[in-house]
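Residue numbers (our numbering): 2 to 571. Don't be surprised by glycine CBs; every beta carbon is placed ideally from N, CA and C.
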Amino acid sequence: MWRNKQTNATIADNSLLRPRGVPHCLQGLTIVRTGELKALTDKQFITYVQTNGGKATSAVSGKTSYLVLGQDPGEVKKRTARDKNVSMITEDQFFQLVRNLSYQLSKQVCQEVDYEQSLIQNYKQITCENIIKQEQCLTDEVLIRDPTLWTIKYQPKCFEDIIGNNSIIAQIKHSLDSDNNLFLITGPPGTGKSSILNILSQDKRFNFVYSNSDESRTGKSIKLLVQKYSHSAVTKQRQVFIFDDAESIEAYGIPEIIKQSQLHTVLKFYLVSQDSGNQKFKTLKTYSQLFQLKRPQKQQISKLLSTIMTAEAIKGNISAIADICGENASGDIRRCLNVLQFSSAGKQILQPSDVKLQLSPQTSLLEKTDIFFNAKKSRNQSQDFYADIQSFYYREQLFYPSLVQNYQTMIDFDFEFAIFMSNQLSQIDQIVYRQFHLSDWSASRAATCLIQQAALELINQNAKSTKFVFPQFPGIISLDKASREVNLLFAKFTKFNLSGLDIDLGTNLIISQVNNNDFLNFMGDFDVFEMENMGQKSLFKDLKTGQIRQICQICSFVQKNDILKQKKLR
């Protein structure tokens, strides 16, 4: 916890773990806070308690269940708590309470739910097997792991730590002493481009100046940047300029870098990109030395991941899990580490099936969107594709903005339908705001339902167009870069909100709760929703039997039997 120097307001430390509790896990409990918490501000603490079903008050009374002690706790509240026999717990103990109560509640729900009836027929067997395995894996105590991201914890410290590309790394290692001063480093995601330059920057003879996609990188701004450091008297070190995500440099930026490298031969320029075939680099390649990294071999990735899982005390068939990662991650070590860390959160034992779905061959963003918009294409998809769609909300965060930005071009401009979709997507916007700005992750289950429902309405239109428009983020012109930025943002927040449940089990708990009878009550937990404006009835309007069956295959959040009942009732 620290304070904003301008407003003096407290700011939460987002590097600390904040578990996402199962809804109503704090029901019946009254929580009081004293002192400043490290992971939650005053308002966030109240929101966090309330969204988990508890009650947050400012004063200790006989009805208070727990007093959470932060930094510099108030002596008056502590004395009152002792007089009234109120339990006093630390911030870490409070979060552990949320985890334990969430686990107990979710286990009770699992015992009561008949998954055979709640899942679609084609997906039933896969899901039930996952649930059985998860029930075997769960223990009475939720395992707490170090919240540090593994991509940071196991980041290479020296060149020898980087696997694969030994000859190229050796060349980059000696590039600072070479006669060339302009270099282009390319390679697929997760192959170590940034790590290599981080290690290179440890050379004390040079001063390294970084420029990333968050900054304006026009020709003029690059010229001013080079002039600033090339004429600086602050340090006598030689200057090295590193331009990360070089594909996002604006049109006249690359020619300006080439020009500056020719004017200042004592300076070094490194450009880093995932896309070696980008047309922007056509001229650059003739003036620069190209280092093209390749994907590490599967055996190398498996060996590294086995070592890391052993160090993290992960139990299970480690060799099988490592082989799955090496086989399906397309050489992206960063992705492997993220999947393993999030899959093993709160577990004593990790099963190969826990990571296999998340590392299944990915359909591109535009392919997914096209299939959702085009019902004819979706009929020909394999079951693996439906399993991929089942978890798209957790794994492909660009799917949501793609729906938002393209739905108007995918319909026949039916004004009534456009109004409905605007209301629908506004509801999703509110949930996304609550998740990322208020850290209210209880809304994630509702977002899953609403995003799916929005997609179903678009499928019902059966649009014929396959042309998509995806405006890029400011300063980003690469779709892959935009995808990575959003996924990094998503990972940054979700890592602080992990519960003891894995994604598959949590998703199926959602499925078990969403049916035609209690859907209204289920959504009623969130005061931002008005069900009469959500067009729930229009979901079942004018649907043929074939379309109903198709929707059930794609979206298992609405039960097949319940939809058929709705059709019969009309």
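Taking its Cβ as the centre, do 16 or more other Cβ atoms sit within 10 Å of residue i, making it buried, or is it exposed?
i, result
"Val77", "exposed"
"Arg80", "exposed"
"Ala330", "buried"
"Thr266", "exposed"
"Leu225", "exposed"
"Ala171", "exposed"
"Ile173", "buried"
"Ile153", "exposed"
"Gln72", "exposed"
"Lys229", "exposed"
"Glu248", "buried"
"Ala252", "exposed"
"Cys26", "buried"
"Gly332", "buried"
"Ser500", "Caution applies to Ser500, whose pLDDT of 30 falls short of 50 and renders its modelled position unreliable; the model cannot decide the point."
"Gln28", "exposed"
"Thr287", "exposed"
"Lys221", "exposed"
"Ser196", "buried"
"Ala323", "buried"
Output the distance between the C-alpha atoms of residue i and residue j, rounded to the nearest integer angstrom.
i, j, result
"Gln238", "Ser231", "10 Å"
"Gln112", "Gln105", "In this prediction, Gln112 scores a pLDDT of 38, lower than 50, which makes its location untrustworthy; the coordinate-derived value is nonetheless stated afterwards. So the two alpha carbons sit approximately 11 Å from each other."
"Gln462", "Ile350", "Low confidence applies here, because Gln462 scores a pLDDT of 38, under 50, leaving its location unreliable; read the following figure in that light. The straight-line gap from Cα to Cα measures roughly 45 Å."
"Ile250", "Asn279", "12 Å"
"Phe282", "Lys205", "30 Å"
"Leu185", "Gly254", "14 Å"
"Gln156", "Asp84", "50 Å"
"Ile169", "Ile325", "27 Å"
"Asp246", "Glu313", "32 Å"
"Ile302", "Glu216", "34 Å"
"Lys316", "Ile258", "50 Å"
"Asp93", "Val99", "10 Å"
"Pro20", "Ser354", "23 Å"
"Ser300", "Gly327", "Note that residue 300 is Gln in the sequence shown, not Ser. In a straight line, the C-alpha of Gln300 is about 7 Å away from that of Gly327."
"Asn181", "Leu264", "13 Å"
"Ser307", "Thr284", "42 Å"
"Val340", "Val356", "7 Å"
"Leu150", "Ser345", "13 Å"
"Arg296", "Lys260", "32 Å"
"Lys39", "Phe46", "11 Å"
"Val273", "Thr192", "12 Å"
"Phe343", "Ile309", "14 Å"
"Cys159", "Ala321", "28 Å"
"Asn101", "Phe95", "10 Å"
"Ile319", "Ser262", "48 Å"
"Asn166", "Asn199", "16 Å"
"Thr1", "Leu305", "Absent from the structure is residue 1, since the part of the chain shown begins at 2 and ends at 571."
With residue i and residue j assumed to form a contact (beta carbons below 8 Å), what rounded beta-carbon distance in angstroms separates them?
i, j, result
"Leu201", "Phe270", "With 8 Å as the limit, Leu201 and Phe270 do not qualify as a contact, their Cβ atoms being about 13 Å apart."
"Ser62", "Ile32", "With a Cβ gap of about 12 Å, Ser62 and Ile32 do not count as contacting."
"Val50", "Lys56", "7 Å"
"Ser103", "Gly22", "5 Å"
"Gly54", "Pro74", "Gly54 to Pro74, Cβ: 25 Å. No contact."
Please report the residue range of the alpha helix (DSSP H) in which residue i lies.
i, result
"Asn339", "334–345"
"Ile169", "167–174"
"Phe46", "43–52"
"Thr311", "299–312"
"Ser320", "319–329"
"Val227", "220–231"
"Ile259", "254–264"
"Lys357", "353–357"
Let's see if you can read the secondary structure: which residues bound the beta strand (DSSP E) around residue i?
i, result
"Lys281", "Here Lys281 belongs to no beta strand (DSSP E), and DSSP marks it neither H nor E."
"Val33", "31–35"
"Arg19", "Here Arg19 belongs to no beta strand (DSSP E), and DSSP marks it neither H nor E."
"Leu150", "First-last for Leu150: undefined, no H or E at that position."
"Lys295", "Per DSSP, Lys295 belongs to no beta strand (DSSP E) and is neither H nor E."
"Arg239", "239–244"
"Asn199", "Element bounds for Asn199: not the beta strand (DSSP E) but the alpha helix (DSSP H), 194–201."
"Lys64", "Run containing Lys64: none; DSSP gives neither H nor E here."
Apart from the five residues on each side of it in sequence, which residues of its chain come closer than 7 Å, Cβ to Cβ, to residue i?
i, result
"Ser277", "Thr187, Gln293"
"Phe209", "Ser202, Val241, Ile243"
"Thr91", "Leu70"
"Ile163", "Pro157, Ile170, Gly193, Ser196, Ile197"
"Gln298", "Gly165"
For residue i, which residues from the same chain have a beta carbon less than 8 Å from its beta carbon, with the 5 sequence-adjacent residues on both sides left out?
i, result
"Thr58", "Thr31, Ile32, Val33, Thr65"
"Ser179", "Gln290"
"Asp528", "The predicted model places Asp528 with a pLDDT of 29, which falls under 50 and marks its position as unreliable; any figure quoted below should be read in that light. The answer is none, since no qualifying residue turns up."
Does the distance between the C-beta of residue i and the nearest non-hydrogen atom of the ligand PLP fall short of 7 Å?
i, result
"Asp84", "Because no ligand of any kind appears in the structure shown, any question about the ligand PLP cannot be addressed here."
Between which residues of its own chain and residue i is the CB-CB distance below 6 Å, once the five residues before and five after are set aside?
i, result
"Phe207", "Gln238, Arg239, Val241"
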